[in-house]
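Chemist:
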Amino acid sequence: LAKTTQPISMDSYEGQEVNITCSHNNIATNDYITWYQQFPSQGPRFIIQGYKTKVTNEVASLFIPADRKSSTLSLPRVSLSDTAVYYCLVGDIMYSGGGADGLTFGKGTHLIIQP
Amino acid sequence: DTEVTQTPKHLVMGMTNKKSLKCEQHMGHRAMYWYKQKAKKPPELMFVYSYEKLSINESVPSRFSPECPNSSLLNLHLHALQPEDSALYLCASSHELEVNEQYFGPGTRLTVT
């Protein structure tokens, strides 16, 4: 069971870079790492996904060390609108019938951005 | 169209009522999901449909009954719910049954009185 551990909350300021780390010591060979963002009373929104090394898109970067036991979501130059809960999910890219680990949301990190 | 729609947005029902939640997507996705989310908690997976067949049922009480009439629609039928079932019910879809980019709807806020 690829369980994830994240900080419960983080604070930062507008314009700063924010890094949120997720621990997943039991990650399996076929597991991908996916991050979602959720605002209050809305559904989660996909941010980024990766398998190893670094992935970057227009919203964020995802850093994954060689051992893949952790990952770091990096949000550049945050604004007030980035205040949200961020979830890290770990699981097989294709459901293999062995469980729905990759569809299991952890407790998430509540990121609060201040002016 | 990258939108998942859910109706109604809000629903209040008594414990003896029967109601249904509806979800629709027109992205050609073949996997659809129901999640339940209590306040300040992460979403919990309830059901997964793949190619209109129930693929995952996370031991959800029988008072929740999912239905997938076609590849674009997903329903959740509710009967004899309890007050503790009050929550935000989220629908999502993805291209295939994969742990990949899921598109979530805005949810239905359900209150059971």
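Line by line, the protein sequences give chains A and B.
So the first sequence is numbered by the working numbering: it starts at 1 and just counts up by one.
So the second sequence is numbered by the working numbering: it starts at 1001 and just counts up by one.
Heads up, the beta-carbon is just placed ideally off N, CA and C, and yes, glycines get one too.
What are the residues in the stretch 25-51 of chain A lying within 9 Å of chain B by C-beta distance?
Modeler: Per Cβ criterion, the list reads Asp-31, Tyr-32, Thr-34, Tyr-36, Gln-38, Ser-41, Gln-42, Gly-43, Pro-44, Arg-45, Phe-46, Gln-49.
Chemist: Give a yes or no on whether the C-beta atoms belonging to Thr-83 of chain A and Ile-112 of chain A are separated by under 8 Å.
Modeler: Cβ atoms of Thr-83 of chain A and Ile-112 of chain A: closer than 8 Å.
Chemist: Could you tell me which of B:Pro-1008, B:Tyr-1049, B:Met-1027 sits nearest to Arg-1109 of chain B, measuring between CA atoms?
Modeler: The candidate whose alpha carbon is nearest that of Arg-1109 of chain B is B:Pro-1008.
Chemist: Going along chain A, which residues have a C-beta under 9 Å from Phe-1104 of chain B?
Modeler: Correct list: Tyr-36, Gln-38, Gln-42, Gly-43, Pro-44, Arg-45, Phe-46.
Chemist: Can you tell me which residues form a DSSP beta bridge with Met-1032 of chain B?
Modeler: Met-1032 of chain B pairs with B:Tyr-1049, B:Ser-1093.
Chemist: By DSSP, does Pro-1083 of chain B sit in helix, in strand, or in coil?
Modeler: The answer is helix: DSSP assigns Pro-1083 of chain B an H, G or I state.
Chemist: Compare the C-beta of Leu-1110 of chain B against all C-beta atoms of chain A and say whether one is closer than 8 Å.
Modeler: Closer than 8 Å: no.
Chemist: With a threshold of 7 Å, establish whether the CB of Thr-21 of chain A neighbours any heavy atom of the ligand HEM.
Modeler: This structure lacks the ligand HEM; in fact it carries no ligand of any kind.
Chemist: Measure the beta-carbon distance from Gln-6 of chain A to Ile-20 of chain A and round it to whole angstroms, keeping in mind my assumption that it falls under 8 Å.
Modeler: The pair is a contact, with the Cβ atoms about 7 Å apart (cut-off 8 Å).
Chemist: Can you tell me the Cα-Cα spacing of Leu-1090 of chain B and Val-1112 of chain B, whole angstroms?
Modeler: Taking the straight line joining both Cα atoms gives about 16 Å.
Chemist: Do you know offhand how far Ser-23 of chain A's Cα is from Gly-50 of chain A's?
Modeler: One C-alpha to the other measures close to 14 Å.
Chemist: Nearest chain B C-beta to Tyr-13 of chain A closer than 8 Å, yes or no?
Modeler: It does not: the Cβ of Tyr-13 of chain A has no partner Cβ on chain B nearer than 8 Å.
Chemist: Three or more beta-carbon pairs under 8 Å between the stretch 45-64 of chain A and the stretch 1091-1106 of chain B, yes or no?
Modeler: Cβ pair count under 8 Å is three or more, so yes.
Chemist: Which residue marks the beginning of the beta strand (DSSP E) containing Met-10 of chain A, and which one marks its end?
Modeler: 9-13 is the extent of the beta strand (DSSP E) around Met-10 of chain A.
Chemist: Leaving out the 5 sequence neighbours to the left and right, which residues in its chain are closer than 7 Å to Thr-53 of chain A when beta-carbon positions are compared?
Modeler: Cβ neighbours of Thr-53 of chain A beyond the five flanking positions: Ile-64.
Chemist: Excluding the five sequence neighbours on either side, which residues of its own chain have a C-beta within less than 6 Å of the C-beta of Ser-1050 of chain B, listed in chain order?
Modeler: So the qualifying residues of the chain are Ala-1031, Leu-1097.
Chemist: Taking Cβ-Cβ distances shorter than 8 Å, what residues in chain B pair up with Lys-3 of chain A?
Modeler: Correct list: empty, because the minimum Cβ distance to chain B is about 13 Å.
Chemist: Per DSSP, what are the beta-bridge partners of His-1010 of chain B in this structure?
Modeler: For His-1010 of chain B, which the question treats as bridged, DSSP gives the partners B:Arg-1109.
Chemist: Give me the chain B residues within the contact set of Thr-104 of chain A, using Cβ-Cβ distance strictly less than 9 Å, ordered along the chain.
Modeler: The answer, in chain order, is Pro-1042, Glu-1044, Leu-1045.
Chemist: Which partner residues of Tyr-36 of chain A appear in the DSSP bridge assignment?
Modeler: Looking at the DSSP assignment, Tyr-36 of chain A forms a beta bridge with A:Phe-46, A:Tyr-87.
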